[in-house]
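Below: the structure, in structure tokens.
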Amino acid sequence: ILYGQFADILLQLSTLRLPRIGSLVQTDDFTWEVAQRPLSYNANELVRLGTLPRSKLPRVNETFPSALSYFNTLADLHLDHLTHQQNDAIDSADDCRRRYIARLLFRKLANDGRFTTSSTNLGPFNIWCDDLRPSNVLINEHLRIVGVVDWEFTYAAPVEFSHAPPWWLLLEQPEYWSDGMEAWTKVYESRLQTFLKVLREQEDMAIDRGRLKDDQRLSTPMQQSWESGDFWVTYAARKNFAFDAVFWKKLDGRFFGPGTSTDDDRWKE
Numbered sequence: 188i189l190y191g192q193f194a195d196i197l198l199q200l201s202t203l204r205l206p207r208i209g210s211l212v213q214t215d216d217f218t219w220e221v222a223q224r225p226l227s228y229n230a231n232e233l234v235r236l237g238t239l240p241r242s243k244l245p246r247v248n249e250t251f252p253s254a255l256s257y258f259n260t261l262a263d264l265h266l267d268h269l270t271h272q273q274n275d276a277i278d279s280a281d282d283c284r285r286r287y288i289a290r291l292l293f294r295k296l297a298n299d300g301r302f303t304t305s306s307t308n309l310g311p312f313n314i315w316c317d318d319l320r321p322s323n324v325l326i327n328e329h330l331r332i333v334g335v336v337d338w339e340f341t342y343a344a345p346v347e348f349s350h351a352p353p354w355w356l357l358l359e360q361p362e363y364w365s366d367g368m369e370a371w372t373k374v375y376e377s378r379l380q381t382f383l384k385v386l387r388e389q390e391d392m393a394i395d396r397g398r399l400k401d402d403q404r405l406s407t408p409m410q411q412s413w414e415s416g417d418f419w420v421t422y423a424a425r426k427n428f429a430f431d432a433v434f435w436k437k438l439d440g441r442f443f444g445p446g447t448s449t450d451d452d453r454w455k456e
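One point on numbering: in my numbering, the residue at position 261 of the sequence shown is 448, and numbering is uninterrupted.
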């Protein structure tokens, strides 16, 4: 019941498309435009907890014409975060090198355009909310959703963000899963198939009612994002504090091939 209602919310958001990546600004009583940098949850946390100077964020009035340019900016923020994080940033000299190499490799992939495609790079871009998750949804005694709150971290984002299945199907984020990320992945796979089944049902109903076009389905790109590993690309790009755990376990092998050493020494190769 809840998956179906949440799927409908995601479908409604996915039909709202804008020509640039950034936050909406109201210009008059009836007009909203993408006129400021994306106000992301991650950018807020980098300043609040990551001791990142505000000057390292994109300029307030900076928007992005392509997914490539925004992924490049996110990759640069990963490096800036490592430079400026003052508390518990590294454990040793080798740990610092390991984190630095991961960020350089990620930036290389972003610069090479490996995180987007020609069909999605230039938009249009979907409305995306970083903080959309079950804890921000209000339900009544009949398990019917009556409201969604905390929309402040909402902006037009790369299509790849909307095409990645939601991490919150297990409520807990993969980097905090008690049995490790691989165990999270295994459990999530089962839960995702249930969600995608319900999502397809909601898509069929929305198409029958004329609220959705067949090429606006999310179920197929979400399945593809998970199978290809693009889910982990967008997750690593959006979440600075989870980056290191995700990069070496989910991205390095995919883009640079299998290594012959342990995860801790892979950076040396």
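The beta carbon of each residue, even a glycine, is placed where N, CA and C say it ideally should be.
Beta carbon of residue i nearer than 8 angstroms to that of residue j
i, j, result
"Asn231", "Phe340", "yes"
"Trp134", "Leu438", "Outside the modelled stretch of the chain, which goes from 188 to 456, sits residue 134, for which no answer is possible."
"Leu379", "Ala194", "no"
"Tyr342", "Pro225", "yes"
"Thr447", "Tyr190", "no"
"Ala429", "Pro345", "no"
"Asp401", "Ile394", "yes"
"Asn427", "Leu233", "yes"
"Phe258", "Phe302", "yes"
"Leu269", "Arg235", "no"
"Trp355", "Pro321", "yes"
"Leu309", "Phe443", "no"
"Asn491", "Arg425", "Any answer about residue 491 is impossible in this case: the structure gives the chain only from 188 up to 456."
"Leu383", "Gln360", "no"
Rounded C-alpha distance that separates residue i from residue j
i, j, result
"Tyr422", "Asp431", "11 angstroms"
"Ala370", "Pro353", "17 angstroms"
"Trp454", "Leu266", "16 angstroms"
"Gly300", "Glu249", "21 angstroms"
"Gln192", "Asp318", "17 angstroms"
"Trp435", "Leu357", "22 angstroms"
"Asn323", "Asp337", "7 angstroms"
"Asp391", "Asp451", "46 angstroms"
"Cys283", "Ile277", "6 angstroms"
"Ile188", "Gly367", "29 angstroms"
"Ser256", "Ser305", "13 angstroms"
"Ala351", "Asp216", "34 angstroms"
"Glu376", "Arg398", "29 angstroms"
Where residue i falls: helix, strand or coil (DSSP)
i, result
"Ser459", "Outside the displayed range of the chain (188 to 456) lies residue 459, so it cannot be described from this structure."
"Ala351", "coil"
"Ala276", "coil"
"Gly334", "strand"
"Gln223", "strand"
"Trp364", "coil"
"Asp317", "coil"
"Val324", "strand"
"Asp215", "strand"
Close Cβ partners of residue i (< 6 angstroms) along its chain, the five nearest in sequence each way excluded
i, result
"Arg441", "Gly416"
"Arg285", "Trp454"
"Gly334", "Leu325"
"Ile288", "Trp454"
Other residues of its chain near residue i: CB distance less than 7 angstroms, five sequence neighbours each side excluded
i, result
"Gln272", "Gly237 and Thr238"
"Gln389", "Gly191, Ala194, Asp195 and Leu198"
"Lys373", "none"
Cutoff 8 angstroms; reference residue i; Cβ partners in own chain excluding five residues on either side
i, result
"Val212", "Trp219, Glu220, Val221, Ala222 and Gln223"
Q) Is there contact here, the region 398-406 with the region 242-251, by at least three beta-carbon pairs under 8 angstroms? A) no
Q.
Pairs of beta-carbons, one from the region 197-208 and one from the region 301-315, closer than 8 angstroms: are there three or more?
A. yes
Q: Would you check if there are 3 or more beta carbon pairs closer than 8 angstroms linking the region 317-330 to the region 206-216?
A: no
Q: Please determine if the region 251-271 and the region 287-303 are in contact, where contact requires at least 3 C-beta pairs separated by less than 8 angstroms.
A: yes
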